[in-house]
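Heads up: the sequence shown begins at 95 in our numbering, then just goes up one per residue.
Cβ coordinates follow ideal geometry from the N, Cα and C atoms, glycine included.
Each remark here refers to the structure printed beneath this line.
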Amino acid sequence: MNETRPTRDVYEAVADPTRRKLLQLLADVEESPLNELTRHFEMGRTAVSKHLTILKEAGLVTSRRVGRETRFKLNAAPLKEIQDWVAFYNKFWSVRLSHLKQLLEEEEE
95 MNETRPTRDV
105 YEAVADPTRR
115 KLLQLLADVE
125 ESPLNELTRH
135 FEMGRTAVSK
145 HLTILKEAGL
155 VTSRRVGRET
165 RFKLNAAPLK
175 EIQDWVAFYN
185 KFWSVRLSHL
195 KQLLEEEEE
């Protein structure tokens, strides 16, 4: 896998609640081993590992080997794409609601 170019869509990666929880857990620490992350779920290491692989493919998580253990770390930079998308629609709805408010005020007069 090319580390500088994600192979999976960031929106697809964060669509799953388990992966969102993994991102949240990793946001609270510098890095975390797989066994520590697995403790927070009612699923096995293999299932958690598969979710982490999807996050890695989207560029949201990096990993490194420390002895026999793999440690995972959040890379929040790709989340900016989602932030920008949401910001566009925040502005969109703000303008629309402002126009609606103005129309309602004009009707009351």
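Assigned secondary structure, residue i (DSSP; H/G/I helix, E/B strand, else coil)
i: Phe-166; result: strand
i: Val-259; result: Summary: the structure shown does not reach residue 259, with the chain confined to residues 95 through 203, and so no result is reported for it.
i: Pro-111; result: helix
i: Met-95; result: Caution is warranted here: a pLDDT of 42 is assigned to Met-95, below 50, making its placement in the model unreliable, and the coordinate value is therefore given only provisionally. Of the three classes helix, strand and coil, the one that applies to Met-95 here is coil, per DSSP.
Terminal residues of the alpha helix (DSSP H) in which residue i lies
i: Arg-139; result: 139-151
i: Pro-100; result: Neither: Pro-100 is in no alpha helix (DSSP H) and is coded neither H nor E.
Residues bridged to residue i (per DSSP)
i: Ser-192; result: According to DSSP, which records beta bridges pairwise, Ser-192 is partnered with nothing at all.
i: Pro-127; result: Arg-165
i: Val-160; result: Glu-163
Buried or exposed (CB count within 10 angstroms, at least 16 for buried), residue i
i: Gly-161; result: exposed
i: Lys-144; result: exposed
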